[in-house]
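So the structure is just underneath, and the comments pick up after that.
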Amino acid sequence: MIAYNRIADKVTELGIQHRYSGGALRAQGVCHDGDAEGTVAIRRGNNGGAVVYCHKCEGNADFLAALGMTEADLFDEPLPERERPADDTWVPCQKHGHKRIAQYVYRDEKGNVVHGVTRCDHKCFAQWRPDDSNRSGRRWSLNDEQGKRLVRTVPYRLPELLEAKQADRVIWIAEGEKDVHALVEHGLPATCNAAGSGKWTTEHAAYFEGADVTIVADRDEPGQKHAKAVVETLQGLARTVYVVQAKTGKDAYDHFAAGHKDAEFVQVWAPVPHPADPAVTE
Numbered sequence: 078m079i080a081y082n083r084i085a086d087k088v089t090e091l092g093i094q095h096r097y098s099g100g101a102l103r104a105q106g107v108c109h110d111g112d113a114e115g116t117v118a119i120r121r122g123n124n125g126g127a128v129v130y131c132h133k134c135e136g137n138a139d140f141l142a143a144l145g146m147t148e149a150d151l152f153d154e155p156l157p158e159r160e161r162p163a164d165d166t167w168v169p170c171q172k173h174g175h176k177r178i179a180q181y182v183y184r185d186e187k188g189n190v191v192h193g194v195t196r197c198d199h200k201c202f203a204q205w206r207p208d209d210s211n212r213s214g215r216r217w218s219l220n221d222e223q224g225k226r227l228v229r230t231v232p233y234r235l236p237e238l239l240e241a242k243q244a245d246r247v248i249w250i251a252e253g254e255k256d257v258h259a260l261v262e263h264g265l266p267a268t269c270n271a272a273g274s275g276k277w278t279t280e281h282a283a284y285f286e287g288a289d290v291t292i293v294a295d296r297d298e299p300g301q302k303h304a305k306a307v308v309e310t311l312q313g314l315a316r317t318v319y320v321v322q323a324k325t326g327k328d329a330y331d332h333f334a335a336g337h338k339d340a341e342f343v344q345v346w347a348p349v350p351h352p353a354d355p356a357v358t359e
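Whatever position you read off the sequence shown (first residue = 1), add 77 for the numbering used here.
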C-alpha cells in the first residue's frame, strides 16, 4: 500500500483533527497532546513514500508512535520494524545544541521507574515519565494538560534509602542529584527531591519516620531556605536531624572535590539532636 495513503487513513481512523493545505495533510499534534490541527505535516515523498514532520517535536517518531507506526511505515514497501533503542539520549533542549550528560531515574519501593530527570551540558533539567505509547518510551511532562500530577512523589534512590533505614544508618539529604552521587560515592546513603530547592514536600518526608538524618545545606540563600523547609517536615517524624555545610565550596560535590571527608562537613544546626548531644543553635 502507498505509505502516504496508509498514514492518512490511520489519521482519519483515529479521529485525529486534520485538514489539507499547501499540498500536505496537516494533522493535530497528538504526539505532544497538542490541539492545533496544523502542527504535523504529512506529504508524499519526491521519490515515493511519505514525509512526516511535527513542528513542535521537530521529528516524526513520536507522532508515528501515536499512530501505532514506526519509520518503516514511511516507505511504500515497509521495512522490517526496528526495536526501540535501549536508552534514548534525546533531550528537549537538543535543538539548541545541548547534549545529555546525566540521567537520574526515580524508582518506587520495588524498583519500578516512577519518573526521571535528564540533565544537559548547559545545566538544563527536564523531567519525564514512562510512556510506552511513545517510541522513546517516555513523555516529557509529569502533569496532564490541566496541571494535575500523574506520577507519585518519591525521593531519589528510594530503594537504597529504605535499605539504609532498615540497617539503622544515617541518611543524608542533599539539594540535587549530583550531590547525592558525590555522597554515595563516598559510602553514604543519600537522597534528594527532584527539581532542586523549594520542591521538598511532606510526601518526601513520610519515608523518614524514625530515621537519623543529616541535611547538607547549599551555601546560599535558596539552600538555607530549602534546608529549613526540609527540617520543618522532619520535626516530630525523624529520630534525629542535623544540618551541615561543605567545608569548602557551595555543596556536597564541592566538599568532596576539595578533598575533604564526610567527617569534615561543618555542623551548623541540630534541630533534632541525639539526646546525648548538646543542641546547636541556628
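Glycine residues also receive a C-beta, built at the ideal position from the N, C-alpha and C atoms.
Closest by C-alpha distance to residue 142, out of 238, 87, 323, is 87. Ranked by Cα distance from residue 125, the first of 83, 166, 304 is 83. For the pair residue 187 and residue 236, the Cα-to-Cα distance works out to about 7 Å.
As far as DSSP is concerned, residue 274 takes part in no beta bridge. Residue 349 sits close to residue 317, with the two beta carbons spaced by under 7 Å. Judged by DSSP in its simplified three-state form, residue 193 adopts strand. Taking the CA atoms as reference points, residue 257 sits about 9 Å from residue 233. Judged by their CB atoms, residue 139 and residue 108 are nearer to each other than the 7 Å cut-off. Separation of the CB atoms of residue 320 and residue 304 is rounded to 5 Å, and the pair is thereby assigned contact status at 8 Å.
Here the alpha carbon of residue 269 sits roughly 13 Å from the alpha carbon of residue 283. Residue 253 sits in coil when the DSSP states are folded into three classes, being neither helix nor strand. Look at residue 83 here: in three-state DSSP terms it is helix. Around the CB of residue 330, 16 or more other CB atoms lie within 10 Å, so the residue is classed as buried.
Here DSSP, grouped into helix, strand and coil, assigns residue 320 to strand. Taking one beta carbon from each stretch, the segment 204-218 and the segment 237-255 have fewer than 3 pairs nearer than 8 Å; the two do not touch. Boundaries of the alpha helix (DSSP H) around residue 243: 235-243. Excluding five sequence positions before and after residue 326, the CB atoms of its chain that fall closer than 8 Å to its own CB belong to 296, 332, 334, 335, given in chain order. Comparing alpha-carbon positions, the option among 185, 168, 213, 241 lying closest to residue 198 turns out to be 168.
Here residue 135 has 172 as same chain residues with Cβ atoms under 8 Å from its own Cβ, once five neighbours each way along the sequence are excluded. Collapsing the DSSP output to three states places residue 170 in a helix.
Relative to the Cα of residue 93, the nearest Cα in the group 313, 337, 116 belongs to 116. Boundaries for residue 350: no alpha helix (DSSP H) harbours it, and the DSSP string shows neither H nor E there. The beta carbons of residue 228 and residue 219 sit about 5 Å from each other, so the pair counts as a contact at 8 Å.
In this chain, the beta strand (DSSP E) harbouring residue 207 covers 202-207.
Looking at the DSSP output, residue 95 shares a beta bridge with 104. Sequence-distant partners of residue 246 (beyond 5 residues in either direction) whose C-beta falls short of 6 Å from its own C-beta, in its chain, are 266. Just so you know, the alpha carbons of residue 183 and residue 238 end up roughly 12 Å apart.
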